[in-house]
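K.L.:
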Amino acid sequence: GNPGGGGGVPGDRPPPPGGAPSPPIEVQAGEYVRELNREAVAEIVGMIGTFMTLFAGLALFIGGFIIANTFTMSVQQQVQELALLRTMGASPAQVFGSIMLRASAVGLLGSLIGVAAGAGLLALITSALEGMGMELGSSALIDPGTAVTALVAGVLVTVLAALLPARRAAAVPPLEAMRAEGTTAAKPLRKRAIIGGAITALAAICLVTAWAWPETEAAEPALLVGALLALVGALVLMSVIAGRVTAFLAAPFVALLRPMGRLARGNVQRNPRRTAATGGALMIGSALLGLVSVLITSIGASALASVDEEVHADLVMTVPGFVPQAPAGGLAAVSALPGVEQVHSAPGTFAALVGQDGEANPVMVLGLYSNELLRPQLEQGEFGPSGWLADGEVIINSHHYHFHEYGLAVGDTLTLRGPAGEQEVTLVGVFAEGVFNLPVMANQNTLATLAPAQLWMDGPLAIRVAPGFDVADVQAAAQEAVEPYFVFSIHTRQEFIDSFRAGIDQILTVFYALLGLSLLIAGIGVINTMAMSVMERTREIGLLRAVGLGRGQLRLTVTIESVLTALFGTLLGLGLGVGIALLFPRVLGELGLSAANVPWGNLGVMLIVAVVVGVLAAAWPARRAARLPVLDAISHA
Numbered sequence: 005g006n007p008g009g010g011g012g013v014p015g016d017r018p019p020p021p022g023g024a025p026s027p028p029i030e031v032q033a034g035e036y037v038r039e040l041n042r043e044a045v046a047e048i049v050g051m052i053g054t055f056m057t058l059f060a061g062l063a064l065f066i067g068g069f070i071i072a073n074t075f076t077m078s079v080q081q082q083v084q085e086l087a088l089l090r091t092m093g094a095s096p097a098q099v100f101g102s103i104m105l106r107a108s109a110v111g112l113l114g115s116l117i118g119v120a121a122g123a124g125l126l127a128l129i130t131s132a133l134e135g136m137g138m139e140l141g142s143s144a145l146i147d148p149g150t151a152v153t154a155l156v157a158g159v160l161v162t163v164l165a166a167l168l169p170a171r172r173a174a175a176v177p178p179l180e181a182m183r184a185e186g187t188t189a190a191k192p193l194r195k196r197a198i199i200g201g202a203i204t205a206l207a208a209i210c211l212v213t214a215w216a217w218p219e220t221e222a223a224e225p226a227l228l229v230g231a232l233l234a235l236v237g238a239l240v241l242m243s244v245i246a247g248r249v250t251a252f253l254a255a256p257f258v259a260l261l262r263p264m265g266r267l268a269r270g271n272v273q274r275n276p277r278r279t280a281a282t283g284g285a286l287m288i289g290s291a292l293l294g295l296v297s298v299l300i301t302s303i304g305a306s307a308l309a310s311v312d313e314e315v316h317a318d319l320v321m322t323v324p325g326f327v328p329q330a331p332a333g334g335l336a337a338v339s340a341l342p343g344v345e346q347v348h349s350a351p352g353t354f355a356a357l358v359g360q361d362g363e364a365n366p367v368m369v370l371g372l373y374s375n376e377l378l379r380p381q382l383e384q385g386e387f388g389p390s391g392w393l394a395d396g397e398v399i400i401n402s403h404h405y406h407f408h409e410y411g412l413a414v415g416d417t418l419t420l421r422g423p424a425g426e427q428e429v430t431l432v433g434v435f436a437e438g439v440f441n442l443p444v445m446a447n448q449n450t451l452a453t454l455a456p457a458q459l460w461m462d463g464p465l466a467i468r469v470a471p472g473f474d475v476a477d478v479q480a481a482a483q484e485a486v487e488p489y490f491v492f493s494i495h496t497r498q499e500f501i502d503s504f505r506a507g508i509d510q511i512l513t514v515f516y517a518l519l520g521l522s523l524l525i526a527g528i529g530v531i532n533t534m535a536m537s538v539m540e541r542t543r544e545i546g547l548l549r550a551v552g553l554g555r556g557q558l559r560l561t562v563t564i565e566s567v568l569t570a571l572f573g574t575l576l577g578l579g580l581g582v583g584i585a586l587l588f589p590r591v592l593g594e595l596g597l598s599a600a601n602v603p604w605g606n607l608g609v610m611l612i613v614a615v616v617v618g619v620l621a622a623a624w625p626a627r628r629a630a631r632l633p634v635l636d637a638i639s640h641a
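Residue numbers for the sequence shown follow our numbering, so the first one is 5 and each next one is one higher.
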């Protein structure tokens with residue numbers, strides 16, 4: 005064959021170098037090997053646990069907004085009752101303590117219900133998995149430590165969320181609180197506007213810094229800090245901009261649904277703090293949805309572009325997870341088929357990359373005959389006159405930690421140590437991660453100096469179909485030829501690309517599902533706020549009914565209020581998330597983000613979901629408002 009050059013005999017491999025020593029054998033105690041495996045599994049589980057903990061924290065954060073909004077409205081409705089207690093001798097500390105005690109009880113009860121519901125859901129999932137033949141290796145139970153942590157977190161979030169409403173209630177003078185008109189006076193939003201404007205300005209400075217100097221070490225921290233500050237600034241400014249934004253959103257309803265649209269707009273604008281608090285939970289979830297959607301779609305588009313550039317074969321034959329030494333008979337069977345012009349294998353072997361301090365770190369070295377059918381894309385350096393790697397030359401993955409840890413540069417000499425011996429190689433280039441996500445790549449002669457062929461492990465095999473033959477026919481024949489060798493799967497180039505796309509879609513679906521839970525929690529908050537708003541406006545609703553507003557019109561008014569609030573939070577969140585995501589490719593381009601890809605279809609679906617959330621959230625409060633007896637509502641204090 006011609007391992008270092010162009011085509012090569014289909015499926016051929018160079019023999020191991022003459023006189024290569026036998027691979028060294030190391031014997032380890034079984035307990036040591038088991039401990040290594042446990043550590044590897046614990047690392048993977050730990051990453052998943054960290055990921056899920058972040059989403060649990062997000063759910064608690066959004067839940068805190070809802071709880072704070074609920075206690076604010078509840079305290080406002082009870083302010084005269086609390087003032088009466090003050091006139092009877094209750095101190096501000098006692099009023100404050102009574103509200104905090106109520107918050108603690110509500111938090112404990114809700115947390116107990118949540119832990120019980122979680123245990124029940126876990127039991128259902130475990131039972132469903134067992135029904136499908138996927139029994140868990142150990143009992144899936146919520147351990148006491150986890151239950152206690154959940155209870156403490158739930159109570160703590162509830163108490164913290166009720167802290168500010170309780171403080172406000174304790175600080176209201178009793179005589180002022182006894183006057184109904186005095187309790188509804190809204191404080192100016194000037195201080196909030198100044199604080200929110202300052203935070204937003206600081207966020208803009210950080211984001212502009214990251215955009216203007218993306219190659220500096222400060223770019224990534226500036227981007228992350230700017231994104232966080234932008235989110236906080238938006239939360240602070242929501243009540244300031246709520247009136248203007250909802251007036252714009254309400255314009256179609258005002259024009260088409262009279263007088264319900266105007267009534268709904270007035271109700272939403274009457275208390276901008278409440279509107280902002282209700283929409284804030286939706287804003288956070290929508291911002292994360294927009295950010296994640298753009299990032300994952302962009303990463304997927306970049307990965308698919310890399311696959312498209314790197315795979316130039318008509319068919320790709322894969323083996324699962326680098327199965328050691330896929331049967332040679334399968335390769336020979338495919339190579340002998342009519343219509344198969346070339347078969348290029350991509351075997352790999354384990355070796356050690358020796359650092360300047362002499363420490364050896366394990367890496368996988370991939371070997372290719374040539375880059376004719378599978379072409380890694382170089383970010384730095386270039387191939388020699390042959391168009392591929394010569395003997396003793398390697399390229400390294402730009403994402404691999406050794407590249408950054410050792411401060412390697414093109415032209416450096418590296419030491420690779422394999423079972424067959426140690427080899428000094430020259431780094432001639434750095435390739436971008438795509439189809440080839442392994443650390444080091446060489447030609448197969450260099451691979452043979454590191455390990456004998458019997459220790460090689462097979463990766464993808466690229467097949468070129470001869471001119472005049474149909475790719476689908478050759479694929480069917482090849483699949484039949486490798487039927488006895490169950491480890492092989494043969495895909496067309498498009499199927500291979502689609503498999504990458506399917507993996508990206510699965511990741512995106514998981515993110516959507518988890519973030520969708522946060523939107524579900526936010527939707528519950530909208531229901532809660534609308535229900536309490538209806539209770540707060542009982543007398544006003546009775547007066548509207550008395551002057552001729554029908555039940556259907558009242559339901560529609562409450563529904564429009566809910567939709568406006570949901571749209572306000574969702575639009576602001578999506579705009580913020582997408583805007584921040586557009587900066588990531590410029591700052592994090594070296595991580596594979598070549599360009600931002602905005603999934604407009606997905607964002608449109610999110611807006612539709614926001615409208616649906618608003619409609620569903622208003623269903624029960626609207627029904628309750630419509631069923632209020634008119635005379636009882638008018639006489640309500």
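Just so you know, even glycine gets a beta-carbon here, dropped at the ideal spot from N, CA and C.
Please read all numbers here as calculations on a predicted model, not as lab measurements.
Measuring alpha carbon to alpha carbon, tell me which residue in 372, 108 and 306 is nearest residue 350.
P.N.:
372
K.L.:
Between the stretch 95-115 and the stretch 166-177, do three or more beta carbon pairs fall short of 8 Å?
P.N.:
yes
K.L.:
Quick check: the Cα distance between residue 25 and residue 417, rounded to an integer number of angstroms?
P.N.:
Any reading at residue 25 must be qualified, since the residue scores a pLDDT of 42, below 50, and its modelled position is unreliable; the value itself is stated next. Going by the C-alpha atoms only, they are around 24 Å apart.
K.L.:
Give the straight-line distance between the Cα atoms of residue 277 and residue 155, rounded to the nearest whole angstrom.
P.N.:
30 Å
K.L.:
List the endpoints of the continuous beta strand (DSSP E) containing residue 95.
P.N.:
Where residue 95 is concerned, there is no enclosing beta strand (DSSP E), given that its DSSP letter is neither H nor E.
K.L.:
Given a threshold of 16 other Cβ atoms within 10 Å of its Cβ, counted over all protein chains shown, does residue 75 qualify as buried or as exposed?
P.N.:
buried
K.L.:
Confirm, please, whether the CB-CB distance from residue 625 to residue 491 is below 9 Å.
P.N.:
The Cβ-Cβ distance between residue 491 and residue 625 does not fall below 9 Å.
K.L.:
Got a sec? Which residues, its chain only, sit under 6 Å from residue 287 by beta carbon, not counting five neighbours each side?
P.N.:
Within the same chain, residue 287 has close Cβ partners 573, 576 and 577.
K.L.:
Where in the stretch 557-628 do unbroken runs of the alpha helix (DSSP H), each at least 4 residues long, occur, reported from the N-terminal end onward?
P.N.:
Runs found: 588-591.
K.L.:
Beta-carbon within less than 7 Å of residue 151's beta-carbon, same chain only, minus the 5 sequence neighbours each way: which residues are those?
P.N.:
119
K.L.:
Relative to the C-alpha of residue 201, which candidate in 244, 216 and 226 has its C-alpha closest?
P.N.:
244
K.L.:
Check whether the Cβ atoms of residue 162 and residue 71 sit closer than 9 Å, and answer yes or no.
P.N.:
yes
K.L.:
State the start and end residues of the unbroken beta strand (DSSP E) segment that holds residue 468.
P.N.:
465-469
K.L.:
Whole angstroms are fine: how far does the CA of residue 77 sit from the CA of residue 629?
P.N.:
17 Å
K.L.:
Taking only runs of the beta strand (DSSP E) that begin and end inside the stretch 341-398, which ones reach a length of at least 3 residues, in chain order?
P.N.:
344-349, 352-358, 364-372 and 382-385
K.L.:
Can you name the start and end residues of the alpha helix (DSSP H) that residue 539 belongs to?
P.N.:
Membership of residue 539 in the alpha helix (DSSP H) is indicated by the continuous run 497-540.
K.L.:
Let's test the definition: count the other Cβ atoms within 10 Å of the Cβ of residue 242 and tell me whether it reaches 16, buried, or not, exposed.
P.N.:
buried
K.L.:
Applying the criterion that 16 or more other CB atoms from any shown protein chain within 10 Å of the CB defines a buried residue, is residue 374 buried or exposed?
P.N.:
buried
K.L.:
Taking DSSP's pairing of strands, which residues face residue 421 in a bridge?
P.N.:
356 and 426, per the DSSP bridge assignment.
K.L.:
Using 9 Å as the threshold, is the C-beta distance between residue 246 and residue 214 below it?
P.N.:
no
K.L.:
Could you check what DSSP says for residue 204 in three-state terms: helix, strand or coil?
P.N.:
helix
K.L.:
Helix, strand or coil for residue 136, going by three-state DSSP, please let me know.
P.N.:
coil
K.L.:
Helix, strand or coil for residue 636 per DSSP?
P.N.:
helix
K.L.:
Between the beta-carbon of residue 564 and the beta-carbon of residue 261, is there less than 9 Å?
P.N.:
The Cβ atoms of residue 564 and residue 261 sit closer than 9 Å to each other.
K.L.:
Go through its chain and collect everything with a Cβ distance to residue 402's Cβ below 8 Å, but skip five positions before and after it.
P.N.:
383, 384, 434, 435, 436, 437 and 594
K.L.:
Just confirm the distance between the C-beta atoms of residue 531 and residue 632, as a whole number of angstroms; I'd bet it's less than 8 Å.
P.N.:
Incorrect: roughly 18 Å between the Cβ atoms, too far for contact.
K.L.:
Leaving out five residues on either side along the sequence, give the residues of the same chain with a beta carbon under 6 Å from the beta carbon of residue 334.
P.N.:
486, 489 and 492
K.L.:
Between 133, 310, 135 and 121, which has its C-alpha nearest residue 146's C-alpha?
P.N.:
121
K.L.:
Measure the alpha-carbon distance for residue 639 versus residue 548 and round it to whole angstroms.
P.N.:
13 Å
K.L.:
Beta carbon of residue 570, beta carbon of residue 614: below 9 Å?
P.N.:
yes
K.L.:
Can you check whether the CB of residue 377 is closer than 9 Å to the CB of residue 307?
P.N.:
no
K.L.:
Tell me whether residue 314 is buried or exposed, calling it buried when 16 or more other Cβ atoms sit within 10 Å of its Cβ.
P.N.:
buried
K.L.:
Leaving out five residues on either side along the sequence, give the residues of the same chain with a beta carbon under 6 Å from the beta carbon of residue 62.
P.N.:
522
K.L.:
Evaluate contact between the stretch 88-102 and the stretch 121-137, counting only Cβ atoms and requiring at least three cross-stretch pairs below 8 Å.
P.N.:
no
K.L.:
Can you determine whether any heavy atom of the ligand SAM sits closer than 8 Å to the C-beta of residue 459, and answer yes or no?
P.N.:
Absence of the ligand SAM from the depicted structure is noted, as is the absence of any ligand whatsoever, leaving it without description.
K.L.:
Please state whether DSSP places residue 69 in a helix, a strand or coil.
P.N.:
helix
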